[in-house]
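Start counting the sequence shown at 1; every next residue gets the next number (UniProt numbering).
Even for Gly, the Cβ is constructed at its ideal location relative to N, Cα and C.
Below is one structure, written out as structure tokens; the observations come after it.
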Amino acid sequence: MEDFLLDTLLDRTVVLGYSRWGYRLRRRGWAQDDPPAGSLRGKVVLVTGASSGLGEAAAIDLAKLGAAVVLVVRNVERGERTLERVREAVPEADVSTARCDLSDPGSVREFAATRSRVDVLLHNAGVLPKERTENADGHELTLATHVLGPLLLTELLRPVLRESADARVILMSSGGMYTQALAVDDPEYRQGTFRGATAYARTKRMQAELTPLLSQRWSGDGIGAYCLHPGWADTPGVADSLPGFQRLTSKLLRTPAEGADTAVWLAATRPAPPSGRFWHDRRERPLHLLPRTRPAAGQRERLLRYCLEAIGL
Ligand SMILES: NC(=O)c1ccc[n+]([C@@H]2O[C@H](COP(=O)([O-])OP(=O)(O)OC[C@H]3O[C@@H](n4cnc5c(N)ncnc54)[C@H](OP(=O)(O)O)[C@@H]3O)[C@@H](O)[C@H]2O)c1
Numbered sequence: 001m002e003d004f005l006l007d008t009l010l011d012r013t014v015v016l017g018y019s020r021w022g023y024r025l026r027r028r029g030w031a032q033d034d035p036p037a038g039s040l041r042g043k044v045v046l047v048t049g050a051s052s053g054l055g056e057a058a059a060i061d062l063a064k065l066g067a068a069v070v071l072v073v074r075n076v077e078r079g080e081r082t083l084e085r086v087r088e089a090v091p092e093a094d095v096s097t098a099r100c101d102l103s104d105p106g107s108v109r110e111f112a113a114t115r116s117r118v119d120v121l122l123h124n125a126g127v128l129p130k131e132r133t134e135n136a137d138g139h140e141l142t143l144a145t146h147v148l149g150p151l152l153l154t155e156l157l158r159p160v161l162r163e164s165a166d167a168r169v170i171l172m173s174s175g176g177m178y179t180q181a182l183a184v185d186d187p188e189y190r191q192g193t194f195r196g197a198t199a200y201a202r203t204k205r206m207q208a209e210l211t212p213l214l215s216q217r218w219s220g221d222g223i224g225a226y227c228l229h230p231g232w233a234d235t236p237g238v239a240d241s242l243p244g245f246q247r248l249t250s251k252l253l254r255t256p257a258e259g260a261d262t263a264v265w266l267a268a269t270r271p272a273p274p275s276g277r278f279w280h281d282r283r284e285r286p287l288h289l290l291p292r293t294r295p296a297a298g299q300r301e302r303l304l305r306y307c308l309e310a311i312g313l
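Below, the structure is given as structure tokens:
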């Protein structure tokens, strides 16, 4: 009970909970809860956006648990350098790279066609662009990278995931989503002045709101769907996109491994956690902290229809 109260207090204070202190305080209660050595032996885990930051840290910890890890990267040279770092950290790692640009449907299709075995799909790739740009199909970049690309890849991999005894699809959202409502009337951010941080947070909100629907959609194939936010971690992405934030909070930021912890836990813990929920620091979290962000009835379903149509399903 005491742990639960401390955990909830950390969550609602945001700054403390998302920081390294939140992670370290909570971690004290997790000693029994770490997935045991070898928990992912025999499993194939795809990690998108694995060339830096949280993706790289997750890849290392997944490899430590025995998974065959595929670093799914858009830049193969960067991916090869990451592969070397993963092998340095985990000499026995079963790790490889594969090219896929999540914002490019052609690239996603090409990549998906090469996969014959997947047990866990960690959708970690993320961007925070300064200006509004579109992919080849005319979809705004954060929507394409955070929502449409992951949806397309998962849909294409469904026949492969179905073969796994315990398939899990994990979406890396952001605590920034708490600030935004579901942008169902303007999912492509065509109206108003474009702000990268808003586009980012809106599409992270979409990931969290769609997860319960995707969980239902995929449950017939035995695929679990999970969404999480990692807190605030010191990664190249944060340093590049939010240099002011990084400078101000550098003493508070988590290590990449601390930020990646819950994604790795969701991939490996047994039995599988309940599907369709939102997680942070290994606990289920609310989808809303502000009443104004709650979607009206039918909005989530409308957004899912839009996304499925946008990817051609
Ligand atoms: N760090 C945090 O505090 C924090 C907080 C909340 C949420 N997150 C989320 O955590 C995830 C990882 O973030 P990070 O902080 O580790 O950032 P990062 O260091 O910038 O890593 C992002 C990764 O995504 C890749 N990527 C971007 N666009 C891609 C695309 N179209 N196709 C394939 N890969 C692509 C990048 O590849 P390149 O190397 O080629 O650029 C990079 O490997 C993101 O989804 C982010 O939104 C992070």
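For the pair Leu304 and Leu213, the CB atoms are nearer than the 8 Å cut-off.
Restricting attention to Pro236, Asp261, Thr262, Ala260, the CA atom closest to the CA of Ser250 is found in Pro236.
Beta-bridge pairing by DSSP links Glu284 to Trp279. By the criterion of a C-beta distance shorter than 7 Å, Arg115 is surrounded in its chain by Leu157, Val160, once the five residues flanking it on both sides are discounted.
Going by beta carbons, Leu71 and Pro35 fall outside the 8 Å limit. Of the candidates Asp94, Glu56, Arg270, Arg74, the residue whose Cα lies closest to the Cα of Thr82 is Glu56.
For Ser96, the three-state secondary structure derived from DSSP is strand. Looking at Ala183, Asp221, Gly175, the one whose alpha-carbon comes closest to that of Gly17 is Gly175. Between Val95 and Ala59, the C-beta gap is smaller than 8 Å, which places the two residues in contact. Of the candidates Leu141, Tyr226, Leu171, the residue whose Cα lies closest to the Cα of Tyr189 is Leu141. Residue burial is scored here from C-beta neighbours: Leu151 has at least 16 other C-beta atoms within 10 angstroms and is therefore classed as buried.
By the Cβ rule, the region 177–193 does not count as touching the region 253–264, because fewer than three pairs are nearer than 8 Å.
Selection Val47, Glu131, His146, Ala89 evaluated against Thr97 yields Val47 as nearest (Cα-Cα).
Restricted to the region 182–240, the beta strand (DSSP E) segments that are unbroken, complete and at least 3 residues in length are 223–228, listed in chain order. The region 293–312 makes no contact with the region 267–277: fewer than 3 CB pairs, one atom from each, lie closer than 8 Å.
In the structure shown, Glu258 adopts helical secondary structure according to DSSP, grouped into three states.
The C-beta separation of Gly231 from Leu54 comes to about 10 Å, leaving the pair out of contact by the 8 Å criterion.
If you look at Thr48, you'll find it in the beta strand (DSSP E) that goes 44–48.
Non-local beta-carbon contacts of Leu253 in its own chain, meaning distances under 8 Å to residues more than five positions away in sequence, involve Ser19, Arg20, Trp232, Ala233, Asp234, Val238, Gln246 in chain order.
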